[in-house]
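Read in order, the letters of the sequence shown are residues 37 to 315 in our numbering. Don't be surprised by glycine CBs; every beta carbon is placed ideally from N, CA and C. Keep in mind that this is a model prediction, so the values were computed, not measured. All remarks here apply to the structure that follows.
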Amino acid sequence: MENEGKKTIVITGGSDGIGAAAARALVKAGQNVILVGRNPEKTKRTADELGCPFHLADYAKLSDVVRLAGELNAYERIDVLANNAGGAQNERKLTENGFERTFQINLLAQFLLTRLLLDKLAASNATVIQTASIAANLFGSDFDPADPESENDYTPFRAYGRAKLCDILFTRELQRRYGETGINAVAFEPGVVRTNFGSESTAFVNFCYHTPLKYLFTISPEKSARRLTRLALGTPAVDFVPGEVYSYKKPLKLKFRDPDGSAAASLWSACESRLAAFL
Ligand SMILES: NC(=O)c1ccc[n+]([C@@H]2O[C@H](COP(=O)([O-])OP(=O)(O)OC[C@H]3O[C@@H](n4cnc5c(N)ncnc54)[C@H](OP(=O)(O)O)[C@@H]3O)[C@@H](O)[C@H]2O)c1
37 MENEGKKTIV ITGGSDGIGA AAARALVKAG QNVILVGRNP EKTKRTADEL GCPFHLADYA
97 KLSDVVRLAG ELNAYERIDV LANNAGGAQN ERKLTENGFE RTFQINLLAQ FLLTRLLLDK
157 LAASNATVIQ TASIAANLFG SDFDPADPES ENDYTPFRAY GRAKLCDILF TRELQRRYGE
217 TGINAVAFEP GVVRTNFGSE STAFVNFCYH TPLKYLFTIS PEKSARRLTR LALGTPAVDF
277 VPGEVYSYKK PLKLKFRDPD GSAAASLWSA CESRLAAFL
């Protein structure tokens, strides 16, 4: 009876920023939150503050993601998986797994985690939320499904915008493939938010996010987190359309055109072939 009406909500990137703000709001609303973070001290501090269990994974290491999936699969149910961890990088670097870092952290690791949790998510009729970005429109609309890791024309902005566009395409394809199993996929762009975002990124991003100028450009993590909590607590097909990407309550119009879903399908295959050793 204690858990009646409560959802079990996993939030990645829960140690800080939008994820931590959403976790605070959801705990306050009486939900069971499970935090996932990278930095052990920060994650434990936030989890202790909220009285939640926590798990650790560095998304630059896919073996961490596999271990994390094993830990999360031990929970009885997962009603919401908020794939929120992410960020931008300063230069093109490969992870220990050999993939471009921005692509791996913002998409590939989320893809792997979701894939490894699919049975549990379907059995729970879960909502799977991707934290995307308006950068998908600003810098990602020239995405080439044949070059998802920007080998040919990398800049930090393009890599980030394209990775965030990939989160949206992943949402569409997840819905197309697994919607009938009970999963409801949805993405949102959180606004331009006063968080630790950009600390591993370019001077321009640092200037906007980490000087007093940030107050001109940004909204608070608490305000942004309402976009995530609305989806986490919402009823699919009533409060949001599964497969859609939102800018707060309105669907976001994407500049990248994929009318027949072929780019989303091709991205899915590209992820599966890269992750074959882990699936
Ligand atoms: N802030 C914005 O304006 C904005 C705009 C559009 C989209 N977003 C997206 O919103 C999400 C949350 O970002 P935020 O603004 O809240 O920034 P943040 O304060 O830097 O939080 C990012 C979270 O992701 C985690 N993370 C970063 N790299 C990771 C890795 N390699 N492995 C595992 N976890 C990792 C961070 O862990 P640590 O605590 O260890 O760093 C932190 O918990 C991200 O997906 C970001 O791309 C943000």
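Mind checking residue i: buried by the 16 CB within 10 Å criterion, or exposed?
i	result
LYS289	exposed
PRO226	buried
GLY234	buried
PHE253	exposed
Could you have a look at residue i and say whether DSSP puts it in helix, strand or coil?
i	result
PRO287	strand
GLN337	There is no way to answer for residue 337, as the model of the chain reaches only from 37 to 315.
LEU315	coil
ALA221	strand
ILE204	helix
ALA299	helix
TYR282	strand
LEU269	helix
Can you tell which of the options has its C-alpha closest to the C-alpha of residue i?
i	options	result
GLY122	LYS259, TYR282, GLY53 and ALA261	GLY53
LYS42	GLY50, ALA57, GLN67 and SER51	GLN67
LEU98	THR82, ARG74, VAL116 and GLY50	ARG74
LEU311	VAL116, ALA59 and GLN140	GLN140
ASN39	THR167, ALA162 and VAL69	VAL69
VAL229	SER169, TYR190 and PHE179	SER169
ARG23	ALA158, ASP100 and LEU264	With the chain covering 37 to 315 only, the question about residue 23 has no answer from this structure.
ARG263	THR79, ASN232, THR167 and LEU153	THR167
GLN146	LEU315, ALA313, TYR95 and TYR190	TYR95
ARG81	ALA300, ALA56, ALA61 and GLU112	ALA56
ASN242	ALA273, GLY49 and ALA124	ALA124
ALA313	PHE179, LEU148 and ASP84	LEU148
HIS246	THR231, LYS259, SER256 and PRO257	THR231
Residue i and residue j: beta carbons closer than 8 Å?
i	j	result
GLU136	ALA195	yes
LEU71	CYS88	yes
ASN126	PRO192	yes
GLY218	PRO278	no
ALA118	ALA261	no
THR163	ASN220	yes
VAL46	VAL116	yes
VAL102	LEU144	no
ALA300	ARG198	no
message: Taking contact to mean 3 or more Cβ pairs, one atom from each stretch, closer than 8 Å, check whether the region 290–300 and the region 254–269 are in contact.
response: With a cut-off of 8 Å, the region 254–269 and the region 290–300 do not count as touching, because too few Cβ pairs lie within range.
- prompt: Is the region 197–217 touching the region 175–189, taking contact as three or more C-beta pairs under 8 Å?
  reply: Cβ pair count under 8 Å is three or more, so yes.
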